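Peer 1: Every letter in the sequence shown is one number past the one before it in our numbering, and letter 74, counting from 1, is 591.
C-beta atoms are modelled at their ideal positions from N, C-alpha and C, and glycine is treated no differently.
Bear in mind that the values here come from a model prediction, so they are computed numbers and not experimental data.
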Amino acid sequence: MSQARLAKLNYTSYHQREAYVTVLHSSEAYVCGAIALAQSIIQKNSSSDLVLLHDKSISGKSLRGLRAAGWKTKWISRIRSPFAKKDSYNEWNYSKLRVWQLIEYDKIIFIDSDLLVLKNIDEFFFYPELSAAGNDKVLFNSGVMVIEPSLCKFEDLMLKSFKVSSYNGGDQGFLNEVFTWWHRLPKRINQLKVFSKQDDKEHQVGDGLYAIHYLGLKPWMCYKDYDCNWDMD
518 MSQARLAKLN
528 YTSYHQREAY
538 VTVLHSSEAY
548 VCGAIALAQS
558 IIQKNSSSDL
568 VLLHDKSISG
578 KSLRGLRAAG
588 WKTKWISRIR
598 SPFAKKDSYN
608 EWNYSKLRVW
618 QLIEYDKIIF
628 IDSDLLVLKN
638 IDEFFFYPEL
648 SAAGNDKVLF
658 NSGVMVIEPS
668 LCKFEDLMLK
678 SFKVSSYNGG
688 DQGFLNEVFT
698 WWHRLPKRIN
708 QLKVFSKQDD
718 KEHQVGDGLY
728 AIHYLGLKPW
738 MCYKDYDCNW
748 DMD
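Structure, rendered in structure tokens:
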């Protein structure tokens with residue numbers, strides 16, 4: 518029996534409050550991705566809530582589209598990454614830490630909005646905090662994480678954010694420094710897929726994947742005269 522199924526037996530005495538959560542901040546560049554993410558989760562018959570945290574950069578029109586796609590939207594004040602350079606791509610990535618404030622849920626699976634879910638992943642709610650797929654043998658990728666919301670943990674993370682450096686200036690480097698004893702999810706729940714003009718093999722994906730994480734150019738950035746060739750073959 519798998520680790521997830523064994524853990525599930527420990528939760529049968531009460532109904533665990535669960536949600537998939539993503540965060541949009543600073544621009545609307547990932548709105549289309551978040552809409553596709555919601556639909557991919559719903560189409561795989563998930564029974565969990567979908568919660569999207571957003572700042573003031575997301576317009577009312579976009580929020581209506583996101584809600585129509587299935588997200589429950591919640592406004593947040595974004596958090597600056599203390600060690601990021603001004604106007605860098607990861608300047609406000611610490612906004613992701615807001616997910617620990619969602620104490621109305623017992624467990625959440627955070628998912629970056631540039632992922633697409635291919636199979637039902639509800640079983641991973643029964644993994645402990647912090648569970649993630651590894652980038653290598655030591656570091657995890659923060660694009661998919663199992664988290665247990667806690668205001669105490671959020672305050673602790675905020676205090677540490679000014680003391681603990683991040684190897685990449687963003688949330689992933691910081692969280693790897695804080696959660697040194699993390700739990701490993703199968704890599705196929707966060708399969709990295711990189712667009713590259715030089716290597717067609719980068720477009721290939723294997724069988725049995727739970728979710729694809731698009732790095733670099735995104736599928737919604739492609740159009741008639743600029744085909745990224747994002748297919749599933």
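Enumerate in chain order the residues of its own chain whose CB-to-CB distance from W588 is below 6 Å, with the five nearest sequence positions on each side excluded.
Peer 2: So the qualifying residues of the chain are A555, L567, L569.
Peer 1: Buried or exposed for Y606, going by 16 or more other Cβ atoms inside 10 Å?
Peer 2: Classification of Y606: exposed, given that the 10 Å Cβ count is below 16.
Peer 1: Would you be able to state if there are at least three C-beta pairs under 8 Å between the stretch 631-639 and the stretch 582-601?
Peer 2: At 8 Å Cβ cutoff, the stretches do not touch.
Peer 1: Spatial neighbours of R701 within its chain, please: CB distance less than 8 Å, with the 5 preceding and 5 following residues excluded, ordered by chain position.
Peer 2: Counting only Cβ-Cβ distances below 8 Å, and skipping sequence neighbours, we find S648, A649, A650, G651, F657.
Peer 1: Look at D688 and S563 and say whether their C-beta atoms are less than 9 Å apart.
Peer 2: No; because the gap between Cβ atoms is not below 9 Å, this pair is not in contact.
Peer 1: Which residues share a DSSP beta bridge with H700?
Peer 2: S648.
Peer 1: Buried or exposed: V538, going by 16 or more other Cβ atoms within 10 Å of its Cβ?
Peer 2: Result: buried.
Peer 1: By a C-beta neighbour count over all protein chains shown, 10 Å radius and 16 as the cutoff for buried, is P645 buried or exposed?
Peer 2: Per the 10 Å Cβ criterion, exposed.
Peer 1: Sorted by chain position, which residues of the same chain lie with C-beta nearer than 6 Å to F696's C-beta, five sequence neighbours on each side aside?
Peer 2: These residues qualify, in order along the chain: L647.
Peer 1: Rounded to the nearest angstrom, what separates L541 and W698 at their Cα positions?
Peer 2: Roughly 28 Å separates the two Cα atoms.
Peer 1: By alpha-carbon positions, which one of V655, K670, A551 ends up nearest to G690?
Peer 2: Considering only alpha carbons, the answer is V655.
Peer 1: What residue range is occupied by the uninterrupted beta strand (DSSP E) comprising L635?
Peer 2: It is not in any beta strand (DSSP E) - L635 carries neither H nor E in the DSSP assignment.
Peer 1: Tell me the DSSP bridge mates of L570?
Peer 2: V540, K591.
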